[in-house]
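Asks: Numbering (the numbering used here), first residue to last: -13 to 452.
Backbone N, C-alpha and C fix where the C-beta goes; we use that ideal spot for every residue, glycine too.
A quick note: this is a predicted structure, and the numbers were derived from the prediction, not measured.
Before anything else, here's the structure in question.
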């Protein structure tokens, strides 16, 4: 009810509520602390739940899986934020149409919509699992309830509602996680009890920060190279008041993520002793049930659900922006009015929500679904997007070649894993094949750019400030 009320409040507060810029960028009014909180909420959603689950079985070294990519991606975006904001674009694909050309825009929009849909699905899966574990309800009812709540306040208030609810969710979530983790730690006997876990669990590397490093860093690289390319983070930058506010907010958020993810990891490790016998799913709600009385657990469950809703609303709104601005406005109706685009935005929000719900019901594995989106974004977009910032010789044919090669590589691997089909793969299994896809994309990007006509005049859109 609080979140829906915030959605209504954001609708009432909006001065130009029926315009595209208000619905998707909150009229570019985001201040420093609002931006810190919305970035924090978006990147501590499902990642917090995964961190508890991973630490439960894998120990302290699992910080690398979610903690490192979150810190790294936020820091990289902080470096790029000034140049992104000064373009004054509406969306990420629009920036790269200006940098390369219109064909790059549509390819990037399609990949971005795919990523946002799968990301939203992974968040809804986490919410459905949490309700199922905590309340004993069927998974399908849990994910349906979460989906309806997120949809209602997002479609009512747009991006401004996402921001207001993110502020509430980020603060509430981390109060809950800090309380749960440290109460759990105290309940098992403090850090001394943690030191005994390797022997008690029969996992010698449980306290080794670099244990299982090969796999952990592979996941970390996979997510790191995708997350700073996310259109939703660029949307937040474009919605900020000015370039300096955007840059400073992302830098502060990156610093905050370091201790927060260690707290999530510590809580998951304490849960291994306090609530043994779990299969690595639903660790945070199970831990909360163990350390809080039933009355307080209701508040804790609300905090847990806030983790998934704070990211699901982001993914849905950002996916709707790409569908509205970069597909409909750019290619279907170039003469659409701002009010008309607002209406299309409502429809696009509904479409993205339905697609995400469908994926969440069909493939109820939040980490695997998150990977579905992350790999195509990293393989298909890393080289062209970063190259657009640093390489004057990069051009539209090169960017198209790099994006197609990377995307085809990622989808080829999806076919084998998604449908259980044996396909020839002369490269390592996931997550170790990601560098291969990125390298193939980069080679295509560079070679085709060098072999075709340069576009030096387009580099100025993203060149460093004097």
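1) If residue 27 sits next to residue 236, beta carbons under 8 Å apart, how far is it from one beta carbon to the other, in whole angstroms?
2) How would you write the range of the alpha helix (DSSP H) that residue 130 sits in, first residue to last?
3) Spell out the partners DSSP gives residue 226 in its beta bridges.
4) Using the Cβ count rule (16 or more neighbours within 10 Å means buried), how would you classify residue 340?
5) Would you report the Cα separation of residue 169 and residue 346, rounded to the nearest angstrom?
6) Among 151, 375 and 121, which has the Cα closest to the Cα of residue 280?
7) Leaving aside the five residues before and after residue 448 along the sequence, list all residues of the same chain whose C-beta is less than 7 Å from its C-beta, in chain order.
8) Compute the beta-carbon to beta-carbon distance between residue 296 and residue 209, rounded to the nearest angstrom, for a pair I have assumed lies under 8 Å.
9) Taking residue 383 as the reference, give the member of 142, 413 and 434 with the closest Cα.
10) Tell me which residues share the same chain as residue 193 and place their Cβ nearer than 8 Å to its Cβ, disregarding the 5 neighbours each side in the sequence.
11) Could you tell me the alpha carbon to alpha carbon distance between residue 284 and residue 124, rounded to whole angstroms?
12) Thinking C-beta only, is residue 286 closer than 8 Å to residue 278?
13) Can you tell me whether residue 423 is helix, strand or coil according to DSSP?
14) Across the segment 93 to 108 and the segment 386 to 398, are there enough close Cβ pairs to call them in contact, namely three or more that are closer than 8 Å?
15) Rounded to whole angstroms, how far is the Cβ of residue 37 from the Cβ of residue 254, which I believe are closer than 8 Å?
16) Here's the rule: buried if 16 or more other CB atoms are within 10 angstroms of the residue's CB, otherwise exposed. What is residue 127?
17) Is the distance from the Cβ of residue 227 to the Cβ of residue 15 below 8 Å?
18) Check each candidate in 117, 100 and 81 and name the one with the smallest Cα separation from residue 272.
19) Classify residue 196 as buried or exposed, calling it buried when 16 or more other Cβ atoms lie within 10 Å of its own Cβ.
20) Quick check on the DSSP output: the alpha helix (DSSP H) that includes residue 114 runs from which residue to which?
21) On the three-state DSSP scale, how would you describe residue 444?
22) Taking Cβ to Cβ, would you say residue 110 is nearer than 8 Å to residue 142?
23) Drop a sphere of 10 angstroms on the beta-carbon of residue 113, count the other beta-carbons inside from all chains shown, and report buried for 16 or more, exposed for fewer.
24) Alpha helix (DSSP H) containing residue 58: first to last residue?
25) Just reading off the alpha helix (DSSP H) that residue 33 is part of, what are its end residues?
26) Is it buried or exposed, residue 134, if we count other Cβ atoms within 10 angstroms and call 16 or more buried?
27) Is DSSP giving residue 192 helix, strand or coil here?
28) Relative to the C-alpha of residue 213, which candidate in 344, 409, 327 and 64 has its C-alpha closest?
29) Between 411, 377, 386 and 400, which has its C-alpha nearest residue 445's C-alpha?
30) Given residue 336, which residues of its chain have a CB within under 8 Å of its CB, disregarding the five upstream and five downstream residues?
31) With distance defined between alpha-carbon atoms, name the residue in 342, 24, 106 and 400 nearest to residue 32.
32) Roughly how many angstroms separate the alpha carbons of residue 205 and residue 29, rounded to a whole number?
33) Can you name the start and end residues of the alpha helix (DSSP H) that residue 9 belongs to?
34) DSSP state of residue 345, grouped into three classes?
35) Just how far apart, CA to CA, sit residue 304 and residue 217?
36) With DSSP collapsed to three states, give me the class of residue 438.
Replies: Well, looking at it:
1) Not quite, the Cβ-Cβ distance comes to about 14 Å (not below 8 Å), so this is no contact.
2) Its alpha helix (DSSP H) spans residues 125 to 174.
3) 16
4) exposed
5) Going by C-alpha positions, residue 169 is about 32 Å away from residue 346.
6) 121
7) 69, 85, 374 and 375
8) Actually they do not touch by this definition, with Cβ atoms about 18 Å apart.
9) 434
10) 45, 46, 180, 181, 183 and 184
11) 18 Å
12) yes
13) helix
14) yes
15) Contact between residue 37 and residue 254 holds, since their C-beta atoms are separated by about 6 Å, short of 8 Å.
16) exposed
17) Going by C-beta atoms, residue 227 is nearer than 8 Å to residue 15.
18) 117
19) exposed
20) Unbroken alpha helix (DSSP H) run through residue 114: 88 to 121.
21) helix
22) no
23) The residue in question, residue 113, is buried, as its Cβ has 16 or more Cβ neighbours within 10 Å.
24) 49 to 71
25) If you look at residue 33, you'll find it in the alpha helix (DSSP H) that goes 32 to 44.
26) exposed
27) coil
28) Taking residue 213 as reference, the option from 344, 409, 327 and 64 with the minimal CA-CA separation is 64.
29) Among 411, 377, 386 and 400, the Cα nearest to that of residue 445 belongs to 377.
30) 137 and 141
31) 106
32) Approximately 16 Å between the Cα atoms of the pair.
33) DSSP places residue 9 inside the alpha helix (DSSP H), whose first and last residues are 6 to 11.
34) helix
35) 7 Å
36) In the structure shown, residue 438 sits in coil (DSSP, three-state: anything other than H, G, I, E or B).
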